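The block underneath contains the structure these notes are about, expressed in structure tokens.
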Amino acid sequence: MRAVSVEDLWWRYQASSEWTLKGVDFEVEKGEFVGIVGPSGAGKTTLCLLVAGVLSKSVKGVCKGKVELFGKDALRTSVKQLSEEVAIVLQDADTQFVTMRVLDEVAFPLENFGLSREEILERVSEALEFVGMKGYEWKHPHELSGGQKQRVAIAAALAKRPKLLILDEATSDLDPLGKREVLSVIRKLREGYDVTAVIVDHNTDDLVEFVDRVIVLEGGRVVADGDPRAVFSRIEQLRTIGIRIPQPTELAFRLGAANGELPLTVEEAVKALAPVKDRLRLLDGEVLENPSRSEKLVSFTDVTYVYEDGTVALNGLSLNVWKGEFLAVIGPNGSGKTTMAKLMVSLLKPTSGRVEVMGVDSRALSPTMLFSKVGYVFQNPDYQLVCDTVYDEVAFPLRQLGVDEKVVKERVQWALVSVGLNGLEETPPFFLSKGERQRLALASVLAVKPQLLIIDEPTTGQDERNSRRIAELLVQLNKSGVTIVVITHDLRLVSEYAERVVVLNNGRLVTAGSTRKVFTEHLETLASIGLEPPPVARLMKELVGRPALTVKEVVLCERA
Amino acid sequence: MVDARKVAVTAVTAGLCLPLALFAIILVPIPGLPAASGFWIPAGFYFVMTLWFGVWGALGGHIATFLAMGYFQGFTLQVWADGALGDLIAPLVALVAFKLMGARPELKNRKDRIAWLVGVPIASLVCGLWVHTVNLLFGVITWPFWWVGVLTYFIGDSLAVFIVGTPLLRSLTSYVKQSPMYIWRD
Amino acid sequence: MEKGKVRTFFTYVDERYMLVRAHPAVKIVSLVVLNIIPWIIEAPAPLAFFLASLLLAASLMKAPLSKLRNYLPYLLLVAQAVVLSYVLGSRIPGNVVFIEFPWGCYVTDKTLLYMGSVVLRISSMLVGSTLVFLSLRDTDVVYGLKSLGVPFSAAFAFNLALRFSALFLDDYARVRDAMLLKGAKLDAGNPLERAKLLSRTAVPLMVIAVRRMQDLSFALELKGFPPSGRRTFLYQFQWSRFDAAAFALLTVATAGVVIAKIVSPLLSFPGWPFV
Numbered sequence: 001m002r003a004v005s006v007e008d009l010w011w012r013y014q015a016s017s018e019w020t021l022k023g024v025d026f027e028v029e030k031g032e033f034v035g036i037v038g039p040s041g042a043g044k045t046t047l048c049l050l051v052a053g054v055l056s057k058s059v060k061g062v063c064k065g066k067v068e069l070f071g072k073d074a075l076r077t078s079v080k081q082l083s084e085e086v087a088i089v090l091q092d093a094d095t096q097f098v099t100m101r102v103l104d105e106v107a108f109p110l111e112n113f114g115l116s117r118e119e120i121l122e123r124v125s126e127a128l129e130f131v132g133m134k135g136y137e138w139k140h141p142h143e144l145s146g147g148q149k150q151r152v153a154i155a156a157a158l159a160k161r162p163k164l165l166i167l168d169e170a171t172s173d174l175d176p177l178g179k180r181e182v183l184s185v186i187r188k189l190r191e192g193y194d195v196t197a198v199i200v201d202h203n204t205d206d207l208v209e210f211v212d213r214v215i216v217l218e219g220g221r222v223v224a225d226g227d228p229r230a231v232f233s234r235i236e237q238l239r240t241i242g243i244r245i246p247q248p249t250e251l252a253f254r255l256g257a258a259n260g261e262l263p264l265t266v267e268e269a270v271k272a273l274a275p276v277k278d279r280l281r282l283l284d285g286e287v288l289e290n291p292s293r294s295e296k297l298v299s300f301t302d303v304t305y306v307y308e309d310g311t312v313a314l315n316g317l318s319l320n321v322w323k324g325e326f327l328a329v330i331g332p333n334g335s336g337k338t339t340m341a342k343l344m345v346s347l348l349k350p351t352s353g354r355v356e357v358m359g360v361d362s363r364a365l366s367p368t369m370l371f372s373k374v375g376y377v378f379q380n381p382d383y384q385l386v387c388d389t390v391y392d393e394v395a396f397p398l399r400q401l402g403v404d405e406k407v408v409k410e411r412v413q414w415a416l417v418s419v420g421l422n423g424l425e426e427t428p429p430f431f432l433s434k435g436e437r438q439r440l441a442l443a444s445v446l447a448v449k450p451q452l453l454i455i456d457e458p459t460t461g462q463d464e465r466n467s468r469r470i471a472e473l474l475v476q477l478n479k480s481g482v483t484i485v486v487i488t489h490d491l492r493l494v495s496e497y498a499e500r501v502v503v504l505n506n507g508r509l510v511t512a513g514s515t516r517k518v519f520t521e522h523l524e525t526l527a528s529i530g531l532e533p534p535p536v537a538r539l540m541k542e543l544v545g546r547p548a549l550t551v552k553e554v555v556l557c558e559r560a
Numbered sequence: 001m002v003d004a005r006k007v008a009v010t011a012v013t014a015g016l017c018l019p020l021a022l023f024a025i026i027l028v029p030i031p032g033l034p035a036a037s038g039f040w041i042p043a044g045f046y047f048v049m050t051l052w053f054g055v056w057g058a059l060g061g062h063i064a065t066f067l068a069m070g071y072f073q074g075f076t077l078q079v080w081a082d083g084a085l086g087d088l089i090a091p092l093v094a095l096v097a098f099k100l101m102g103a104r105p106e107l108k109n110r111k112d113r114i115a116w117l118v119g120v121p122i123a124s125l126v127c128g129l130w131v132h133t134v135n136l137l138f139g140v141i142t143w144p145f146w147w148v149g150v151l152t153y154f155i156g157d158s159l160a161v162f163i164v165g166t167p168l169l170r171s172l173t174s175y176v177k178q179s180p181m182y183i184w185r186d
Numbered sequence: 001m002e003k004g005k006v007r008t009f010f011t012y013v014d015e016r017y018m019l020v021r022a023h024p025a026v027k028i029v030s031l032v033v034l035n036i037i038p039w040i041i042e043a044p045a046p047l048a049f050f051l052a053s054l055l056l057a058a059s060l061m062k063a064p065l066s067k068l069r070n071y072l073p074y075l076l077l078v079a080q081a082v083v084l085s086y087v088l089g090s091r092i093p094g095n096v097v098f099i100e101f102p103w104g105c106y107v108t109d110k111t112l113l114y115m116g117s118v119v120l121r122i123s124s125m126l127v128g129s130t131l132v133f134l135s136l137r138d139t140d141v142v143y144g145l146k147s148l149g150v151p152f153s154a155a156f157a158f159n160l161a162l163r164f165s166a167l168f169l170d171d172y173a174r175v176r177d178a179m180l181l182k183g184a185k186l187d188a189g190n191p192l193e194r195a196k197l198l199s200r201t202a203v204p205l206m207v208i209a210v211r212r213m214q215d216l217s218f219a220l221e222l223k224g225f226p227p228s229g230r231r232t233f234l235y236q237f238q239w240s241r242f243d244a245a246a247f248a249l250l251t252v253a254t255a256g257v258v259i260a261k262i263v264s265p266l267l268s269f270p271g272w273p274f275v
């Protein structure tokens, strides 16, 4: 039986003149796990919400076409009726947590459906056990990590015993540990539940492990639909669209070494490349770390920071940020990365120890004194956008400095061109896409030409195209002399762009050094704190005993 | 029928306004007046939410005021009857003003702006009258201080609504109009 | 969590506090009654008696009376406001005139009694409400209101509001940080300039709120909310002897106060409230 049948589906939001979905056609068989990938703005979430039957009844728009769910017309059947068969887990773990306790959260939909108490308790127990949250029944949401909240969301979805489960970027906002926890649940879904799944995710390295089929959406249209291997072998097309290719696939394609099928996972790639492993070489990477850096922009000397509730966020941290470097700060959630960043911009003052910013003790500084020298871009750009137009947004900090309007105009133009938002000066910021808002937040910081730029999770929740765009912009800025500090969970970004890495855990410095050194000598340490290096690093470590940082570093020689 | 959208409006409005109300009481206290604020920041938000989403926004403001004032003053009948109910009535008065004048929250034309400029002070005055009459009935104040209380409420609420609410309406109404919860039909 | 403590909406209380285990309907009715009774009573002696009885009952029920200390600053402020109001702005005839002001107001012995009444009234409401709120668990509001006939959706909105307030508190802190990092001097300049800058924080907060509203409504709908047919309530509260006794006592007390107010001058203060 068909689980989902989408026929010539068109959707336009009322406020927009453009169609978001343009004649989407696909089917999902019962029991199938289908992955949907596509750049930001492709219409993935819109499609998921239409399939779930909720968008067409909740949001003003124009809809054409047909969506059938297990034989029911999803566009006309009430959400209430559909909600018993469809469950959706959204990206924002907090907003979808509507009760005050884990037990209540999982039971909530079952209570609404009028199931008996005994049945509710049984299903809740089963679902919590399945997602590994048994024992957490009485916990409140603020006591849970992002990964735990998403697992509870999945439990609440599974407790309904839905026929269709939709996961819309459920892991995008999570740290690596949280992602791993949620992915491990998704992996075993087939064993535990008789469910059809539609999974939307940017991270194709993970997605390929558990989907039977991949659908690629671009500009509201399906541009590819089929077996993951077949879809991801269309590497050039996918790159143009802006979709991340799984690294093992990309590597095998580049080397031309896989006879027949391209591998999708590290394990498959190890097998596929085993015959040629003696011919594999790692290029000596560029000496990315510049040993001649001697001017400190920021120094931490034995810094401890304790929050009001007693949490020790940093414990005796000592390190320097050198002028001109591209530094990545990595670590699991709660390791102290954001606290470290806030100390650098003087939003916080150290409990003990000393932080110096450009030679001055941070205790004598304030954020408003530093903002023209040190820029900070938040993970969620929405916190930073306060003006009515893109132009005003970028001009805001310049006007706070009392800069002449003529200069403001020049700087705004320059900043907008740098981030590719020129032409959108009169657009209200909240009408921009997420990627555009991120770039706008960056532009507003760049306009004051800071010497140091701190950027928090620039690629989280972004598609490949935007991630690359932002990363390459950071590289350009770095080349022009701006010191870059990136706080990130994205180890692919780190391995491809960062010169030096600082690893934090539990408020302490675990290690620091060139990216190559840290990824070569400390792979196990990183793994022990939940940081998984990019697939190519693991793959090459398996094959040749040494990790590679990027796919480009690996070459296939004529002879062994 | 109370559907999910209406509950979402009320809950989010209340959730948004509650911490702001707590800040308003702490940051801008009025000397001598217990747990009152000279600049009632949340008013700017729940007035706007009411104009966009109707009575459910006002209910959110009501819940937030009750919880915030109760945090400092205890969750008593007096707190509910004066501040909380007053903050339910005020934005509804502004909404009625807009409806009667056929105005819209975008503040695009003269009619809209007049409705805003007239509706907000009237609403704040009504709120002040309500709150201090209730305080009078509870015996907390006497007549000579009744008008002082009304005046401070009138000024504090109007200021906050104009300063906070005006940029919100101007900047965001076009964005919010896409929402199915928006009550005005073009 | 400490052993022997129970988590309630706002804090942790001793599990021996009897009201914690009461039926949610009893808690909600207590909240109403403990506010209505002092509102009806005007005379200071009965109010003092009521307050003393309340404190004694609370003590016998093992209520966390030490938590009431948090409200002392407010009570002092109320007392100050009441004193100011009545000393400068009242004309209550009495047996002894202490001060007479040029504007016609004066202070008598009855003025002092009135002031005492008001403070006792506010204190009684405060003590009663606080003791009930300290016993409220997160399910009590929804279940208590529901058992009194309030639609589940409305009661649930209250709970949701508390859930979301924590999220927005976090958001506000981030928006404020972001403003500082854009050079906005939020703590300097004249009040109007600061107010204008602060008002800019409203925009991102509101954008986040509207987006959350949309996502929340999707999430609720897909969780089958609001329920259209019969809804199951996971928690079941049985009426105990304590609940029945409490309910009876509250009913009798309220009825008694209303009747006494109507038939006798015992609870009244002559000339109240317009003095």
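In the order they appear, the protein sequences are chains H, D and F. Using this note's numbering, the first residue of the first sequence is number 1, and each one after it goes up by one. Using this note's numbering, the first residue of the second sequence is number 1, and each one after it goes up by one. Using this note's numbering, the first residue of the third sequence is number 1, and each one after it goes up by one. Even glycine gets a Cβ: it sits at the ideal position worked out from N, Cα and C. As the structure is a computational prediction, the values presented were derived from the model and not from experiment.
Selection of the segment 59-75 of chain H by Cβ proximity to chain D, strictly under 7 Å: If the cut-off is 7 Å between Cβ atoms, the segment 59-75 of chain H has Val59, Lys60 near chain D.
Span of the beta strand (DSSP E) around leucine 12 (chain F): Per the sequence shown, residue 12 (chain F) should be read as tyrosine rather than leucine. That run of the beta strand (DSSP E) goes 12-14.
Distance between glutamate 7 (chain H) and valine 222 (chain H) (C-alpha atoms, nearest Å): So the two alpha carbons sit approximately 12 Å from each other.
C-alpha gap between glutamine 236 (chain F) and arginine 123 (chain H), whole angstroms: If you take the alpha carbons of glutamine 236 (chain F) and arginine 123 (chain H), they lie about 18 Å apart.
Rounded separation between alanine 90 (chain D) and threonine 77 (chain H) - CA only: If you take the alpha carbons of alanine 90 (chain D) and threonine 77 (chain H), they lie about 40 Å apart.
Residue-level contact to chain F via CB, phenylalanine 72 (chain D), 8 Å cutoff: Judged by the 8 Å Cβ criterion, phenylalanine 72 (chain D) is in contact with chain F.
Segment contact flag, the segment 10-28 of chain H with the segment 180-193 of chain F, C-beta cutoff 8 Å, min 3 pairs: Because the criterion of three Cβ pairs below 8 Å is not met, the segment 10-28 of chain H and the segment 180-193 of chain F do not touch.
Min CB distance isoleucine 25 (chain D) to chain F below 8 Å: So, not an interface residue.
Inter-residue CB distance, glycine 371 (chain H) and leucine 198 (chain F) (contact presumed, cutoff 8 Å): Looking at the sequence provided, one finds phenylalanine at residue 371 (chain H) rather than glycine. At roughly 17 Å, the Cβ-Cβ gap does not stay under 8 Å, so phenylalanine 371 (chain H) and leucine 198 (chain F) are not in contact.
Cβ neighbours of glutamate 15 (chain F) in the same chain (closer than 8 Å, five flanking residues each side left out): Counting only Cβ-Cβ distances below 8 Å, and skipping sequence neighbours, we find Gly4, Lys5, Val6.
CB contact check: methionine 181 (chain D) to chain F, cutoff 8 Å: At least one CB atom of chain F sits nearer than 8 Å to the CB of methionine 181 (chain D).
Leucine 110 (chain H) (DSSP reduced to helix, strand or coil): Judged by DSSP in its simplified three-state form, leucine 110 (chain H) adopts helix.
Spatial distance of threonine 427 (chain H) from serine 174 (chain D) (CA atoms): Between threonine 427 (chain H) and serine 174 (chain D), the C-alpha separation is close to 12 Å.
Whole alpha helix (DSSP H) elements within the segment 318-357 of chain H, 4-residue minimum: The qualifying runs are 337-344.
Sub-8 Å separation of valine 182 (chain H) and leucine 264 (chain H) beta-carbons: Going by C-beta atoms, valine 182 (chain H) is not nearer than 8 Å to leucine 264 (chain H).
Proximal residues, the segment 538-557 of chain H versus chain D, C-beta separation under 7 Å: Result list empty, no residue passes.
Contact list for isoleucine 208 (chain F) against chain H, beta-carbon separation under 9 Å: What isoleucine 208 (chain F) touches in chain H: Asn380, Asp382, Tyr383.
Backbone secondary structure at valine 208 (chain H) - three-state DSSP: Here valine 208 (chain H) sits in coil by DSSP.
Local conformation of lysine 409 (chain H) per DSSP, three classes: Here lysine 409 (chain H) sits in helix by DSSP.
Euclidean distance between Cα positions of aspartate 94 (chain H) and arginine 69 (chain F): Here the alpha carbon of aspartate 94 (chain H) sits roughly 34 Å from the alpha carbon of arginine 69 (chain F).
Residue from F:Ile41, F:Leu72, F:Phe10 whose Cα sits closest to the Cα of leucine 136 (chain F): The shortest Cα separation from leucine 136 (chain F) among F:Ile41, F:Leu72, F:Phe10 belongs to F:Phe10.
Same chain only: Cβ atoms within 7 Å of valine 287 (chain H), ignoring 5 sequence neighbours per side: Here valine 287 (chain H) scores only 46 on pLDDT, less than 50, and its place in the model should not be relied on; the value that follows carries that caveat. Excluding positions up to five away in sequence, the list is empty.
Alpha helix (DSSP H) segment containing tryptophan 207 (chain D), residue limits: Any question about residue 207 (chain D) goes unanswered here, given that chain D covers just 1 to 186.
Where the beta strand (DSSP E) containing arginine 508 (chain H) begins and where it ends: Taken as a continuous stretch (DSSP letters only), the beta strand (DSSP E) holding arginine 508 (chain H) covers 508-514.
Start-to-end residues for the alpha helix (DSSP H) that takes in asparagine 478 (chain H): Unbroken alpha helix (DSSP H) run through asparagine 478 (chain H): 464-479.
Buried/exposed call for glycine 256 (chain H), threshold 16 Cβ in 10 Å: Around the beta carbon of glycine 256 (chain H), fewer than 16 other beta carbons lie within 10 angstroms, which makes this residue exposed.
Proximity of leucine 82 (chain H) and glycine 53 (chain H) at Cβ, strictly below 8 Å: Yes, Cβ-Cβ distance for leucine 82 (chain H) and glycine 53 (chain H) is below 8 Å.
Cβ of serine 217 (chain F) within 8 Å of any chain H Cβ: For serine 217 (chain F), the closest Cβ of chain H is nearer than 8 Å.
Contact under 8 Å by Cβ, valine 554 (chain H) with leucine 251 (chain H): Yes, these two residues count as a Cβ contact at 8 Å.
Other residues of its chain near leucine 208 (chain D): CB distance less than 6 Å, five sequence neighbours each side excluded: Residue 208 (chain D) falls outside the range modelled here, since chain D spans only 1 to 186, and no answer is possible.
Whole-angstrom C-beta distance between alanine 245 (chain F) and serine 147 (chain F), which should lie under 8 Å: Between serine 147 (chain F) and alanine 245 (chain F) the beta-carbon gap is near 18 Å, outside 8 Å, which marks them as no contact.
Interfacial residues, the segment 2-20 of chain H to chain D, with Cβ spacing under 8 Å: Here the close residues are Tyr13, Gln14, Ala15.
8 Å Cβ cutoff, lysine 177 (chain D) in contact with chain H: It does: the Cβ of lysine 177 (chain D) has a partner Cβ on chain H nearer than 8 Å.
Helix, strand or coil at cysteine 105 (chain F) [DSSP, three-state]: Cysteine 105 (chain F) carries a coil assignment under DSSP once its states are collapsed to helix, strand and coil.
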